[in-house]
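Per full-length UniProt numbering, numbering through the sequence shown is continuous, rising by one, with the last residue being 125.
Each residue gets a CB set at the ideal place from its N, CA and C atoms; glycine is no exception.
Have a look at the structure below, then the notes.
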Amino acid sequence: MTELRFTEDHEWLRTEADGSVTVGITAFAQNALGDVVFVQLPELQAYDKGAEAATVESVKAASGVYMPLDGEVLEVNPALEDSPELVNEDPLGEGWFFRFKPADAAAVGQLLDQAAYDRLIAAQA
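Shown next as structure tokens:
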């Protein structure tokens, strides 16, 4: 499995063999949200870094899922439309949100690694 990278907004990223990048929210984020009841997935289009690409709604709140880097969304996870609870059950696996082609593939490596992300969530706890 490829090393995961993370954003300060609690998204995880995994670079796939074809160069696309899969995005989801972290276990920390889904735990903070509580039971996910709805996911609005992004359109298949280009987004700028920091743009709200998707929305996740839980029994507690609604939250944006932000585009971690400039790029074009290539695919969304259709399973989340009927089973948004996958975000809670398997946030780093079947609960992924979308795949995108980054404008700059090297930029993925500049995001937080596991150790840096662990420090971030420890500071927020």
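Spatial distance of residue i from residue j (CA atoms)
i      : j      : result
Arg5   : Val21  : 10 Å
Asp48  : Tyr66  : 9 Å
Leu120 : Glu43  : 30 Å
Gly93  : Glu3   : 14 Å
Gly34  : Asn88  : 8 Å
Gly109 : Ala61  : 31 Å
Asp18  : Asp118 : 28 Å
Ala107 : Asp82  : 33 Å
Pro78  : Thr55  : 14 Å
Identified DSSP bridge partners for residue i
i      : result
Glu57  : Phe38 and Ala62
Pro102 : Gly71
Ile25  : Glu11
Residue i and residue j closer than 9 Å at C-beta
i      : j      : result
Thr15  : Ala105 : yes
Pro91  : Ala29  : yes
Val23  : Ala53  : yes
Leu111 : Leu13  : yes
Own chain, CB closer than 6 Å to residue i, minus 5 neighbours either side, in chain order
i     : result
Gly71 : Phe100, Lys101, Pro102 and Ala103
Ala46 : Glu72
Glu57 : Val37 and Phe38
Same chain, Cβ closer than 7 Å to residue i, neighbours up to 5 away in sequence not counted
i      : result
His10  : Ile25, Thr26, Phe28 and Ala29
Pro84  : Val36, Val37, Phe38 and Val39
Gln124 : none
Residue closest to residue i, alpha-carbon to alpha-carbon, out of the options
i     : options                       : result
Leu41 : Ser63, Ala107 and Leu33       : Ser63
Glu75 : Glu81, Leu86, Phe97 and Val87 : Phe97
Asn31 : Thr55, Thr7, Val59 and Ala79  : Val59
Thr7  : Ala122, Gln114 and Ala125     : Gln114
CB contact check: residue i to chain B, cutoff 9 Å
i     : result
Met67 : Among the protein chains of the structure shown there is no chain B, as only one such chain exists.
Close-in-space but distant-in-sequence residues of the same chain around residue i (CB under 8 Å, 5 per side omitted)
i     : result
Leu80 : Val39, Leu41, Leu86, Val87, Gly95 and Phe97
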